[in-house]
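Below is one structure, written out as structure tokens; comments come after it.
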Amino acid sequence: MADYNLFKGHNIQIAGKPSNYVIDDNSTEYVSLNPSEFRGVKPKLLVKEGDDVKTGSPLFCDKSNPQITWPSPGTGKVSEIVFGERRSIQKIVIKLSEEEVSQSFSSYSPDEINDLSRKEALSALLKGNIFPFIRQRPFNKVSDPETVPRDIFISGWNTAPLSVNLDLALRRRLSQFQAGIDILKKLTNGDVHLSYNENTVSDTLLDVKGVKAHTFNGPHPAGNVGIQIHHISPLKLNDVIWTVNAQDVVRIGNFFLTGQLDTTLFVTVGGPSIKDPIHIKSRLGSQIEYLLKDKIIEGNNRVISGDILTGIESALDDFIGFYHSTISVLPNGGEREFLGMLRPGSSSSRYSLTNAFVGSKQKNYRFNTLQNGSERYILPINTWEDVLPMDILPNALYRAINIKDIEEMEQLGIIECDEEDFALCSFACPSKIDVGGMIRDGLDLMEEEG
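Be aware that the sequence shown starts at 1, since it is given in my numbering, and climbs by one per residue.
Right under this line is the structure:
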């Protein structure tokens, strides 16, 4: 076991941090899959409005790779298919029926799982419509089943603001988690790396076998799988690695043990505009309105599927993202402070990383969506470097992306990067630069150029 202590980064002291109290709420009447959120996927519908679907049955596939299909997150009737520009498929909405009926596939005992070949395990994942829970780096997109990854990485620690406590989400799920690990081990010729915080009390994380375990300590983004990959075994040019969310490892394991899709999803609802921030044991694709029922403080609020750094602005009638497990709510707007930029770290009405680093920490700060200014000239004062625990030069990389110098981008390590790892750079930037967005532009350019 290797131990990593990271010092760069920042834990945002936002009000509305979810308590460890968990409620069981599966009351949503609708669930949805949103094909538009899957990067690089050209969706082809396998259902139409009015069709009856079972939990786990396929809803759409990727035109470029039809063997990759996405599962229905519930049993019921396809009530609506929402199209966007150029007939792009935005949402497949299912009105749930009272009785849950799952599409059944082959199930395996732990011994039978151990006897499976890579080809058999991969075939079961694809036929069971659950392969999209596995993503690949570089580019952080749905994996290519024809590629054998160098390694597979799992983060057992969430450090993003308001995120799920995985010690709670993985409680009493060791057998399913172990089965998931055993399957993932068959998909790579390398190792399955599992990282968690040194203070975890999760038996599931501590007792699982067959992984290379690592402990991490430090501020956000220490829990990001991309940061962990960078410190454990950096991604090199032409390398491909796969990543899986910890809750989805359980989902994969449960699928092989039972032959059915487990739709359980632990979700947090939190932020300054939430009355009682908590954990909810819910389900995949839940409608946000039901997750937030009677929990929002009245006012002009912004709802985000995901955390406040990397999430997507959503409406109440939208649905939680496929890879999300947090719903964040904070007030829209706010009042700007006159000449506040002249007093960094000393303002009582604005959150400041200067204050957080060198002064007293502002705990439970009531954030809003105000940016306190617009994009301006870049000030190279190491603001990005202070919150990025990677051996990468973000200013130089930004310039290389800006001029589309692919060779320079490669030399500066863009292949290791993902926008979520640079989200704090965007948050901290005094010039209001969307650093994470620029990283995504660079990755998209790299992928286009091959």
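Positions of the beta carbon are idealized from the N, C-alpha and C atoms, including for glycine. Keep in mind that this is a model prediction, so the values were computed, not measured.
As assigned by DSSP and simplified to three states, the class of Leu166:
Here residue 166 refers to the residue found at position 166 when the sequence shown is read from its first residue. In this structure, Leu166 counts as helix in the three-state DSSP scheme.
Looking at C-beta atoms only, is the number of pairs between the stretch 176 to 183 and the stretch 215 to 223 that lie closer than 8 Å three or more?
Output reads no: the stretch 215 to 223 does not touch the stretch 176 to 183.
Where Ser305 sits in the DSSP three-state scheme
Position 305 of the sequence shown, counting from 1, holds the residue named residue 305. DSSP places Ser305 in strand when its eight states are reduced to three.
My assumption, with CB atoms under 8 Å, is that Gln247 sits in contact with Leu261. Please give the rounded CB distance.
In the sequence shown, residue 247 corresponds to position 247, counting from 1. In the sequence shown, residue 261 corresponds to position 261, counting from 1. Not really, about 13 Å apart at Cβ, beyond 8 Å.
Measuring straight from C-alpha to C-alpha, what distance separates Leu6 and Ile296?
As a position in the sequence shown, residue 6 is number 6, starting the count at 1. As a position in the sequence shown, residue 296 is number 296, starting the count at 1. Distance between the alpha carbons of Leu6 and Ile296: 35 Å.
Please return the same chain residues whose Cβ sits closer than 6 Å to the Cβ of Gly413, not counting the five positions on each side in sequence.
In the sequence shown, residue 413 corresponds to position 413, counting from 1. Only Ile392 meet the Cβ criterion.
According to DSSP, simplified to helix, strand and coil, what is Ile94?
Against the sequence shown, residue 94 aligns to sequence position 94. Ile94: strand per DSSP, three-state reduction.
Is the beta carbon of Glu49 closer than 8 Å to that of Thr75?
Mapped onto the sequence shown, residue 75 falls at position 75. Mapped onto the sequence shown, residue 49 falls at position 49. No, the pair does not count as a contact, with Cβ atoms beyond the cut-off.
Provide the residue span of the alpha helix (DSSP H) that contains Tyr398, from first to last.
In the sequence shown, the residue the question calls residue 398 occupies position 398. Tyr398 -> alpha helix (DSSP H) spans Pro394 to Asn402.
Per-residue burial, Ala315 [other beta carbons within 10 Å of its own, 16 or more giving buried]:
In the sequence shown, counting from the first residue as 1, residue 315 sits at position 315. Exposed, by the Cβ-count rule.
Is Gln260 helix, strand or coil by DSSP?
The residue you call residue 260 lines up with position 260 of the sequence shown. The three-state secondary structure of Gln260, taken from DSSP, is coil.
Tell me the residue span of the alpha helix (DSSP H) that contains Arg118.
Residue 118 sits at position 118 when you count from the first residue of the sequence shown. From DSSP, the alpha helix (DSSP H) with Arg118 extends over Arg118 to Lys127.
Which class does Leu424 belong to by DSSP, given the choice of helix, strand or coil?
For this step, residue 424 is matched to residue 424 along the sequence shown. Three-state result, Leu424: helix.
Residue closest to Thr90, alpha-carbon to alpha-carbon, out of Glu408, Phe256 and Phe319:
Translated into the one-based positions of the sequence shown, residue 90 becomes position 90. For the record, residue 90 in the displayed sequence is Gln; it is not Thr. Gln90 has its Cα closest to that of Phe319, out of Glu408, Phe256 and Phe319.
In three-state terms, what does DSSP make of Pro43?
Here residue 43 refers to the residue found at position 43 when the sequence shown is read from its first residue. In this structure, DSSP gives Pro43 an extended state, which the three-state scheme calls strand.
In or out: Ser106 buried (at least 16 other Cβ within 10 Å) or exposed?
Here residue 106 refers to the residue found at position 106 when the sequence shown is read from its first residue. Ser106 comes out exposed.
Taking the alpha-carbon of Val192 as reference, which of Lys63, Ile280 and Phe153 has the nearest alpha-carbon?
What you label residue 192 is simply residue 192 of the sequence shown in a count that begins at 1. Per the Cα distances, Phe153.
Does the stretch 296 to 311 come into contact with the stretch 320 to 332, if we say contact requires no fewer than three beta-carbon pairs (one atom in each stretch) closer than 8 Å?
Touching, per the Cβ criterion.
When you compare only the Cα positions, how much space is there between Gln287 and Val267?
For the purposes of this step, residue 287 is taken as residue 287 along the sequence shown, with counting starting at 1. For the purposes of this step, residue 267 is taken as residue 267 along the sequence shown, with counting starting at 1. C-alpha separation (whole angstroms): 12 Å.
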